[in-house]
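Undergrad:
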Amino acid sequence: MLIEPSPGTSRGYSPGPGTVFLLMSGGVDSSVAALLLRRAEFDVVGVTMDIPGPKGRGEDVRAAAETAREMGIPHYAAAAGEDFRRLVMQPFVSSYLDGLTPNPCSDCNARLKFGLLWDSLDEVFGPIRIATGHYARIVREGSHFFLARGRDAKKDQSYFLSGLARERLSKALMPLGDLTKDEVRSLAREAGLPVAERQESMEICFTGEGNYRRLLDGLSTSPGLVVDESGAVLGTHDGVFGFTVGQRRGLGIASRDGLYVLRIDARGNRVVVGPRERVCRRRVRAQGTNLLYPGPPSTGYTMFGKTRSRSDPAPCDLVMLNGEWMEVLFHEPQFAPAPGQRLVLYDDAGRVVAGGEIEYCEEVG
124 MLIEPSPGTS RGYSPGPGTV FLLMSGGVDS SVAALLLRRA EFDVVGVTMD
174 IPGPKGRGED VRAAAETARE MGIPHYAAAA GEDFRRLVMQ PFVSSYLDGL
224 TPNPCSDCNA RLKFGLLWDS LDEVFGPIRI ATGHYARIVR EGSHFFLARG
274 RDAKKDQSYF LSGLARERLS KALMPLGDLT KDEVRSLARE AGLPVAERQE
324 SMEICFTGEG NYRRLLDGLS TSPGLVVDES GAVLGTHDGV FGFTVGQRRG
374 LGIASRDGLY VLRIDARGNR VVVGPRERVC RRRVRAQGTN LLYPGPPSTG
424 YTMFGKTRSR SDPAPCDLVM LNGEWMEVLF HEPQFAPAPG QRLVLYDDAG
474 RVVAGGEIEY CEEVG
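According to the working numbering, numbering within the sequence shown proceeds without interruption in unit steps and concludes at 488.
(1) Pick out whichever of Tyr483, Gly273, Glu264, Ser229 has its Cα sitting closest to the Cα of Ile387.
(2) In the DSSP assignment, find the unbroken alpha helix (DSSP H) run with Ala314 in it and report its ends.
(3) When the Cα atoms are used, what is the spatial distance from Arg234 to Leu210?
(4) Can you give the beta carbon distance from Ala459 to Val402, rounded, assuming they're within the 8 Å contact cut?
(5) Please state whether the Cβ-Cβ distance between Arg465 and Gly478 is less than 7 Å.
(6) Reducing DSSP to helix, strand and coil, say where Tyr469 ends up.
(7) For Asn413 and Leu444, what's the separation of their Cα atoms in angstroms?
(8) Just tell me which of Pro436, Trp448, Ala461 has its CA closest to the CA of Glu455.
(9) When burial is assigned at 16 or more other CB atoms within 10 Å of the CB, is Ser421 buried or exposed?
(10) Can you give the Cα-Cα distance for Asp351 and Tyr416, rounded to whole angstroms?
(11) Start and end of the alpha helix (DSSP H) containing Thr430?
(12) What did DSSP end up calling Phe366 once you bin it into helix, strand or coil?
(13) Quick one: any contact between the region 214 to 225 and the region 239 to 258, if contact means 3 or more CB pairs under 8 Å?
(14) Just mark Pro438 as buried or exposed, buried being the case when its beta carbon has 16 or more other beta carbons within 10 Å.
(15) Rounded to a whole number of angstroms, what is the C-alpha to C-alpha distance between Ala186 and Gly150?
(16) Tell me which residue opens and which closes the beta strand (DSSP E) that Val247 is part of.
(17) Which residues share a DSSP beta bridge with Asn232?
(18) For the beta strand (DSSP E) that contains Gly479, what are its first and last residues?
(19) Could you tell me the boundaries of the beta strand (DSSP E) in which Asp206 lies?
(20) Give the straight-line distance between the Cα atoms of Leu374 and Gly265, rounded to the nearest whole angstrom.
(21) Is Tyr282 near Val143, with beta carbons less than 7 Å apart?
(22) Measure the beta-carbon distance from Val363 to Val394 and round it to whole angstroms, keeping in mind my assumption that it falls under 8 Å.
(23) Let me confirm a value: Lys277 is counted as buried when at least 16 other C-beta atoms fall within 10 Å, else exposed. Which label applies?
(24) Is the Cβ-Cβ distance between Gln410 and Thr430 less than 7 Å?
(25) Which term fits Asp275, buried or exposed, when burial requires 16 or more other beta carbons within 10 angstroms of its beta carbon?
(26) What is the DSSP secondary structure of Ala271, reduced to helix, strand or coil?
(27) Leaving aside the five residues before and after Ser153 along the sequence, list all residues of the same chain whose C-beta is less than 6 Å from its C-beta, in chain order.
(28) Report all residues from its chain with a CB closer than 6 Å to the CB of Ala271; omit the five preceding and five following residues, and keep chain order.
(29) Give the DSSP-derived three-state secondary structure of Leu284 in the structure shown.
(30) For Gly369, which residues of its own chain have a beta-carbon under 7 Å away from its beta-carbon, when the five flanking residues on both sides are left out?
(31) Taking a contact to mean a Cβ-Cβ separation below 7 Å, would you say Ala188 touches Leu125 in this structure?
(32) On the CB-based measure, 16 or more other CB atoms within 10 Å of its CB, does Asp380 come out buried or exposed?
(33) Can you tell me the Cα-Cα spacing of Arg162 and Phe207, whole angstroms?
(34) Need the endpoints of the alpha helix (DSSP H) that Arg162 sits in, please.
(35) Nearest CA to the CA of Gly347: which residue from Ser353, Leu357, Asp361?
(36) Please state the DSSP three-state secondary structure of Thr303.
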């Protein structure tokens, strides 16, 4: 990945022992992160990935470079466009074609920001530390480092960071982890940062306000059936990629009772719908386990699991956890765990134990 200095930044920059590379978007979060790091006497260097966006490439780079100039810190741009398409966008589209509900933010964090980008910066500048404006915490206990939930429960982003390699945690900084969003904006106002009132986007970064279906519009339609659990045909669809487990609106069928997508049969090109209570599940199994604990906890141990980014961690019993798979049994049914999304486990202190991609869910009597 090519790393280039922005105008005003020296090409021959040499980081010192107090240097930290901050991933910047030009928004309020990364700007306040830069502010806090400088107050903690770090030498901050901004880095922004140049990736496709809803208004074309270069938008975030220009905004972040301008913010860096205003704050008097060096700034670099990383030419990540092709890598982003290969590691994030293409798997995103492929997952929907397979009837899954992908989580591109998790992929971007693990594969790019804390993966290929970090490796590329290491190659250019030598071993580095990276900081981000995520609402999550890095907690040190003795010689071990843990990823933990941010103090602002509504903004906590540890769910999206659960794919990080554990060895990265000791060299990562997340200065916003103990702050709320309101506190971050207040700090930006007090410092006179121009981005203090900038609105944040809740959309996937490469789709914009038109939502993810903009990326899928060019795919060939593949008409199929919408059926209930008995197999009775209720309607038709133009492709399973237009649906996600738990979806209620836009099913294209008329019903007096509220119907939800229960599961997606990509091989049979069918969408199965039913009442809300049938989309709630207790047993959830995930693949591609990423263990962030020094060692796996014992089975039967009570943990707290999340199957959706905006849900609260819920009590569950650990059934299985190894290098490939993990399985839990929630104490109460969880609404619409979707294959392709992540199952993230926490301990009672809010530290991430492990994360993986949901592969299978079922209700348990």
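C-beta atoms are modelled at their ideal positions from N, C-alpha and C, and glycine is treated no differently.
Note that the coordinates shown come from a computational prediction; the quantities given were computed from them, not determined experimentally.
TA: For this structure:
(1) Tyr483
(2) No alpha helix (DSSP H) contains Ala314, which DSSP labels as neither H nor E.
(3) 7 Å
(4) 5 Å
(5) yes
(6) strand
(7) 10 Å
(8) Pro436
(9) exposed
(10) 42 Å
(11) No alpha helix (DSSP H) holds Thr430; DSSP gives it neither H nor E.
(12) coil
(13) no
(14) exposed
(15) 8 Å
(16) Unbroken run through Val247 is the alpha helix (DSSP H), 240 to 248; no beta strand (DSSP E).
(17) Beta-bridge pairing links Asn232 to no other residue.
(18) 475 to 485
(19) Unbroken run through Asp206 is the alpha helix (DSSP H), 204 to 207; no beta strand (DSSP E).
(20) 52 Å
(21) no
(22) 6 Å
(23) exposed
(24) no
(25) buried
(26) strand
(27) Met147, Gly256
(28) Arg260, Val262, Gly473, Arg474
(29) helix
(30) Tyr383, Val384, Val402, Phe458, Ala459, Ala461
(31) no
(32) exposed
(33) 33 Å
(34) 151 to 162
(35) Asp361
(36) coil
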